[in-house]
Amino acid sequence: MDGIADMGGTPGWGPMHPPRRDEPVFEEPWQGRAFALAILSSRVAFGGVNLDAFRHALERLDRAAYLDDGYFGRWINGAELMLTESAILAPSAIDARARNLRGEDVEEPPIPEPARPDYMRTAEGSLRTVDSAPAFTVGKPVRAKDMSPPGHTRLPGYVRGHTGVVERIQPAAVLPDTNAHFQGENPQHVYTVRFDSREVWGSDSEPFALTAELYESYLETIS
Amino acid sequence: MTTTGGPDETLSVALRTEALEQLLTERGLIDPKVMNGIITEYETNVGPLNGAKVVAKAWTDPDYRQRLLDDGTAAIKELGFSGAQGEHIVVVENTATTHNVVVCTLCSCYPWPVLGLPPSWYKDPAYRSRIVKEPRTVLSEMGLDLADDVQITVRDSTSEVRWLVLPERPAGTEHLTEEELVPLVSRDAMVGVAKVGAP
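First to last, the sequence lines map onto chains A and B. Sequential numbering from 1 applies to the first sequence in UniProt numbering. Sequential numbering from 1 applies to the second sequence in UniProt numbering.
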């Protein structure tokens with residue numbers, strides 16, 4: 001879906017700074033808690049790991065919920081969204097408990113009746129076998145479809161409608177676009193597609209190559 | 001698609017995190033011991049030292065280097081590194097004339113088994129947005145100036161494929177052993193925003 005998470009090429013984020021050498025894994029203790037909580041929350045919410053559904057929760061956060069408390073803040077907000085959609089938690093449960101933790105005395109909402117999605121993955125991880133042969137071969141020119149699906153997708157906005165060349169064929173994998181919505185794994189072939197920067201960004205751009213892994217249904221042949 | 005509203009802005013994220021942990025723990029939905037195990041694992045065991053060992057071995061063992069470039073996942077597993085976010089790792093080599101740099105524009109996908117969790121700059125919206133549009137400028141801002149004849153390839157990690165950069169072995173290290181090379185290999189060089197410097 002189009003939104004805050006699809007950042008490639010978007011303006012207004014300012015300059016980079018030289019990396020810090022001594023950065024701890026978790027700068028503050030809550031970040032480690034948030035990291036582990038988000039991992040475990042997706043199992044609680046879905047009854048099993050579904051990274052695509054987790055990423056879809058993150059990309060539906062509004063701008064403030066996505067950005068204001070950084071990477072791990074967005075993981076906590078994404079965990080809350082997964083848990084409330086599966087009715088493990090009531091929508092106001094976290095805020096009510098947080099208020100009580102800081103000394104207020106507020107009534108907490110009742111525990112809802114859980115409504116987990118009907119979800120069972122067919123195997124660990126995301127790699128799967130596909131019976132059909134890959135539709136595209138290495139070296140073949142392909143175009144990323146110019147489409148803007150309303151649900152989850154891993155087709156970045158900035159490559160849509162642009163033409164590249166298949167650099168590698170990667171192992172077939174679960175299609176995020178359906179798996180994120182618990183609509184089946186629908187495994188597809190995956191291609192590393194190589195784009196020329198000037199085809200994507202225009203003739204004035206820095207000259208370089210750009211690759212992205214694109215699922216077969218994201219691609220079309222060039223007529 | 002619905003968009004959720006943000007949290008109550010007066011409540012700190014640390015407090016909301018504590019609240020969520022309490023709510024799930026008191027109902028027995030998560031085990032704090034499992035939580036602590038996950039945190040400890042990524043604070044102590046899973047980090048860029050793993051990747052540095054892979055790189056140092058590739059620099060000193062030509063057969064291993066070839067296996068690593070042919071099948072990164074399997075060669076990395078030879079050294080005991082595998083797990084979440086490392087289901088299929090592809091290794092690409094940086095040389096004097098070709099330079100790969102890795103990003104995930106859509107979230108912050110990163111090869112955890114060899115590099116640990118991503119550093120803050122990798123998760124920075126400025127990096128995610130700009131490295132795919134003006135990599136030479138971004139790398140320069142980060143302290144890496146590449147010659148004009150170096151061909152840059154930016155790798156956007158949009159599927160479950162994870163990329164690891166095999167940096168160029170610095171000149172003047174021919175006499176060093178594999179073990180002596182390991183501490184030279186920086187995380188940033190294995191993502192492609194730095195080069196490995198001579199000791």
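Note that beta-carbon positions come from the ideal geometry of N, C-alpha and C, so glycine has one too. Note that this is a predicted model, so its numbers are computed, not measured.
Nearest-angstrom Cα separation, counted from Arg-136/B out to Ile-4/A: One-based indexing of the first sequence puts residue 4/A at position 4. One-based indexing of the second sequence puts residue 136/B at position 136. So the alpha carbons of these two residues sit roughly 24 Å apart.
Three-state class that DSSP yields for Thr-192/A in the structure shown: On the first sequence, position 192 is the one that residue 192/A refers to. DSSP places Thr-192/A in strand when its eight states are reduced to three.
Contact the stretch 195-212 of chain A vs the stretch 139-146 of chain B: 3+ CB pairs below 8 Å: As far as the Cβ criterion goes, the stretch 195-212 of chain A does not touch the stretch 139-146 of chain B, which means the pair count is below three.
Chain-ordered neighbours of Trp-121/B on chain A, where CB pairs are closer than 9 Å: Reading the second sequence from its first residue, position 121 is the one you call residue 121/B. Neighbourhood of Trp-121/B in chain A, by CB distance below 9 Å: Met-16, His-17, Pro-18, Pro-19, Arg-20 and Glu-23, in chain order.
Nearest-angstrom Cα separation, counted from Thr-221/A out to Thr-98/B: To locate residue 98/B, count along the second sequence from 1; it is residue 98. To locate residue 221/A, count along the first sequence from 1; it is residue 221. Thr-98/B and Thr-221/A: Cα-Cα distance of roughly 29 Å.
Inter-stretch contact at 8 Å, needing at least 3 Cβ pairs: the stretch 45-65 of chain B / the stretch 150-168 of chain B: Touching, yes, given that three or more Cβ pairs across the two stretches are closer than 8 Å.
CB of Leu-83/A within 8 Å of CB of Arg-60/A, strictly: Taking the first residue of the first sequence as position 1, residue 83/A is located at position 83. Taking the first residue of the first sequence as position 1, residue 60/A is located at position 60. Against a cut-off of 8 Å, the Cβ pair of Arg-60/A and Leu-83/A comes out as no contact.
Spatially closest choice to Val-44/A from Leu-155/A, Leu-89/A, Ser-197/A and Arg-194/A, by CA coordinates: On the first sequence, position 44 is the one that residue 44/A refers to. Closest by alpha carbon: Leu-89/A.
His-189/A versus Phe-182/A, Leu-175/A and Ser-197/A, residue with shortest Cα-Cα distance: As a working mapping, residue 189/A is identified with position 189 in the first sequence. If you compare the alpha carbons of Phe-182/A, Leu-175/A and Ser-197/A with that of His-189/A, the shortest gap goes to Leu-175/A.
Inside the stretch 36-75 of chain B only - alpha helix (DSSP H) runs reaching at least 4 residues: Listed in chain order, they are 48-60 and 62-70.
Extent of the continuous alpha helix (DSSP H) run through Ile-39/A: Numbered from its first residue, the first sequence carries residue 39/A at position 39. Element bounds for Ile-39/A: 29-46.
Extent of the continuous alpha helix (DSSP H) run through Leu-58/A: Here residue 58/A refers to the residue found at position 58 of the first sequence. First-last of the alpha helix (DSSP H) with Leu-58/A: 51-59.
Nonlocal neighbours in the same chain, by C-beta distance under 7 Å from Arg-97/A, ignoring five residues either side: Position 97 of the first sequence, counting from 1, holds the residue named residue 97/A. Sequence-distant Cβ neighbours of Arg-97/A in its own chain, meaning closer than 7 Å and more than five residues away, are Glu-108.
Cβ neighbours of residue 228/A in the same chain (closer than 8 Å, five flanking residues each side left out): An answer regarding residue 228/A cannot be provided, because it is not within the stretch 1 to 223 covered by chain A.
Cutoff 8 Å: Val-190/A Cβ touching any chain B Cβ: Counting from 1 along the first sequence, the entry for residue 190/A is found at position 190. Closer than 8 Å to some Cβ of chain B, the Cβ of Val-190/A qualifies, so yes.
Residue range of the unbroken alpha helix (DSSP H) whose run includes Ile-222/A: Within the first sequence, numbered from 1, the residue matching residue 222/A stands at position 222. No alpha helix (DSSP H) holds Ile-222/A; DSSP gives it neither H nor E.
Short CB-CB distance (under 8 Å) between Tyr-127/B and chain A: Within the second sequence, the letter at position 127 stands for residue 127/B. Chain A contact via Cβ: present.
Chain B within 8 Å of Val-44/A, Cβ atoms only: To locate residue 44/A, count along the first sequence from 1; it is residue 44. Judged by the 8 Å Cβ criterion, Val-44/A is in contact with chain B.
Residue range of the unbroken alpha helix (DSSP H) whose run includes Tyr-127/B: Mapped onto the second sequence, residue 127/B falls at position 127. In the DSSP annotation of this structure, the continuous segment of the alpha helix (DSSP H) that includes Tyr-127/B starts and ends at 125-130.
Proximity of Asp-156/B and Thr-211/A at Cβ, strictly below 8 Å: Indexing the second sequence from 1 puts residue 156/B at position 156. Indexing the first sequence from 1 puts residue 211/A at position 211. Yes; because the gap between Cβ atoms is below 8 Å, this pair is in contact.
Nonlocal neighbours in the same chain, by C-beta distance under 8 Å from Gly-197/B, ignoring five residues either side: Taking the second sequence and counting its residues from 1, one reaches residue 197/B at position 197. Correct list, in chain order: Pro-170 and Leu-184.
For Pro-141/A, the residue or residues it bridges with in DSSP: Mapped onto the first sequence, residue 141/A falls at position 141. Pro-141/A pairs with Val-165/A.
CB-CB length for Trp-75/A against Phe-35/A, believed under 8 Å: Position 75 of the first sequence, counted from the first residue, corresponds to residue 75/A. Position 35 of the first sequence, counted from the first residue, corresponds to residue 35/A. The Cβ separation is near 6 Å, so the contact holds.
Run of the beta strand (DSSP E) containing Thr-153/B, from where it starts to where it stops: Working through the second sequence from its first residue, we reach residue 153/B at position 153. Note, Thr-153/B: beta strand (DSSP E), 151-156.
Cβ-based neighbour list, Gly-184/A, same chain, cut-off 6 Å, excluding 5 preceding and 5 following: Mapped onto the first sequence, residue 184/A falls at position 184. Counting only Cβ-Cβ distances below 6 Å, and skipping sequence neighbours, we find Thr-178.
Beta carbon proximity, His-88/B to chain A, threshold 8 Å: Mapped onto the second sequence, residue 88/B falls at position 88. Interface flag for His-88/B against chain A is set, since a Cβ pair is found closer than 8 Å.
Chain A residues whose Cβ lies nearer than 8 Å to that of Glu-134/B: As a first step, residue 134/B is located in the second sequence; it is residue number 134 there, counting from the start. When 8 Å is used as the limit between beta carbons, Glu-134/B is near these residues of chain A: Ser-205 and Glu-206, in chain order.
Member of Arg-128/A, Glu-216/A and Ile-111/A whose CA lies at the smallest distance from the CA of Glu-26/B: As a position in the second sequence, residue 26/B is number 26, starting the count at 1. Considering only Arg-128/A, Glu-216/A and Ile-111/A, the residue with the shortest C-alpha distance to Glu-26/B is Ile-111/A.
Chain-order list of residues whose beta-carbon lies under 7 Å from that of Val-166/A (same chain, five-residue window excluded): In the first sequence, residue 166/A corresponds to position 166, counting from 1. If we look at Val-166/A and ignore the five residues flanking it on each side, its Cβ neighbours are Phe-136, Thr-137, Val-138, Gly-139, Lys-140, Val-142, Tyr-191 and Val-193.
Whole-number beta carbon distance between Arg-160/A and Ala-144/A, since they are thought to touch under 8 Å: Taking the first sequence and counting its residues from 1, the one referred to as residue 144/A is at position 144. Taking the first sequence and counting its residues from 1, the one referred to as residue 160/A is at position 160. The pair is a contact, with the Cβ atoms about 5 Å apart (cut-off 8 Å).
Any chain A beta carbon closer than 8 Å to Ser-82/B: Locating residue 82/B in the second sequence gives position 82, counting from the first residue. For Ser-82/B, no CB of chain A lies under 8 Å from its own CB, so it is not counted at the interface with that chain.
Simplified DSSP state of Ile-4/A, which is helix, strand or coil: Within the first sequence, residue 4/A is the residue found at index 4, counting from 1. Three-state DSSP puts Ile-4/A in coil, outside helix and strand.
Exposure of Ala-115/A, with buried meaning 16 or more beta-carbon neighbours within 10 Å: In the first sequence, counting from the first residue as 1, residue 115/A sits at position 115. Residue environment: Ala-115/A is assigned as exposed (fewer than 16 neighbouring CB atoms within 10 Å of its CB, all protein chains considered).
Those residues which DSSP pairs with Tyr-158/A across a bridge: Within the first sequence, numbered from 1, the residue matching residue 158/A stands at position 158. Beta-bridge annotation (DSSP): Tyr-158/A is not paired with any residue.
Environment of Ala-123/A [buried if 16+ CB atoms lie within 10 Å]: As a working mapping, residue 123/A is identified with position 123 in the first sequence. So Ala-123/A counts as exposed.
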